[in-house]
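Residue numbers for the sequence shown follow my numbering, beginning at 487 and rising by one. Cβ coordinates follow ideal geometry from the N, Cα and C atoms, glycine included. Reading through the structure tokens given below for one structure.
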Amino acid sequence: MIPFTDERDGTTYGTVQIGDQCWMSENLKYLPSVSPIAKRSPANLWRSVPVNSRIQPYFYVYDYRGRRVSEAKFTANYRDYGVLYNWPAALAACPHGWHLPSDAEWSQLVDYLVGKYGLLNDWSHTHCVGNALKSRRQVDSPLGGVHTTTEPPRWASSSTPPPERKTVPINVKPHYGTDEVGFSALPGGRYAYGQFTELGFHGFWWTSTECYGTRAWYRFMRHEFGDVTRSNFDREAGFNVRCIRD
């Protein structure tokens, strides 16, 4: 597909046609400002995040704690994984001619891969949608060559325990990205509860669809499993964005 250049900042993105949908093949990097990092409160994690971050747009770069856009853009995490947006920011982040995909559009992507390639969307199997969408860059990837790497951007080895656990689940098969359709999903982590977590392990992407209360739907992929998981989270969290063409 022809690359797309965002006229707002001159950033060029790869694109990929998957069925009837045209997606950006990279996480969005649009960064009009850098939002302040909240101070965590051990007594109540939810109080560590400003209330208006559920309403006003907030922009983050993983592990960057300053406020200067030019400085944030110079970091390796910005270059490799893009920007983390709260839900209000994600809704308006995509450039003209593109938009934040809805919950239904993400489901359409998954269903297309299931039907076209006979893939499953079951975490316990290796022949799964998530593995087909992930970048091939991974620690201990059996694909070899440039795909087997410890240098970011990349996925952690599926045998490495994720940050929130000390062990990997028993009897889980090795999972690695095959990037069957050029989507090249990378694990940009997230910003939640006043802290950055899971970079290199898990990728989170907002949808434009509200859930209930202050929550919205999103999709996530994990280094240790092969599915694309649908879930919902509070709108104040910072997740990545993949834009889809109008």
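- Looking at the DSSP output, ASP720 bridges to ARG701.
- Nearest in C-alpha terms to SER694, of all of ASP506, THR683 and ASN572, is ASN572.
- Contact between the segment 543-550 and the segment 696-703 is absent: fewer than three C-beta pairs spanning the two stretches fall below 8 Å.
- GLY712 and ALA590 have their C-alpha atoms roughly 20 Å apart.
- A residue is called buried once 16 or more other Cβ atoms fall within 10 Å of its Cβ, and ASP495, having fewer, is exposed.
- With a beta-carbon spacing of about 11 Å, PHE690 and TYR548 fall beyond the 8 Å limit used to define contacts.
- When the beta-carbon positions are compared, SER644 and GLU710 come within less than 8 Å of each other.
- Residue pairing for LYS620: DSSP places it in a beta bridge opposite ALA671.
- DSSP, read as helix, strand or coil, puts VAL632 in helix.
- Per DSSP, the continuous alpha helix (DSSP H) segment holding TYR567 begins and ends at 562-567.
- Residue SER593 holds the alpha-carbon nearest to the alpha-carbon of ASP506 among ASP720, ARG565 and SER593.
- Under the DSSP assignment, GLN542 falls outside any beta strand (DSSP E); it carries neither an H nor an E label.
- Proximity of the segment 566-582 to the segment 716-731 meets the contact definition, three or more beta-carbon pairs being nearer than 8 Å.
- Secondary structure note for SER694: its beta strand (DSSP E) is the uninterrupted segment 688-696.
- With a cut-off of 8 Å on Cβ pairs, the segment 508-520 is not in contact with the segment 599-610, counting fewer than three such pairs.
- Burial of GLU684 is indicated by the presence of at least 16 other C-beta atoms within 10 angstroms of its C-beta.
- Counting of Cβ neighbours within 10 angstroms places ILE504 among the buried residues, the total reaching 16 or more.
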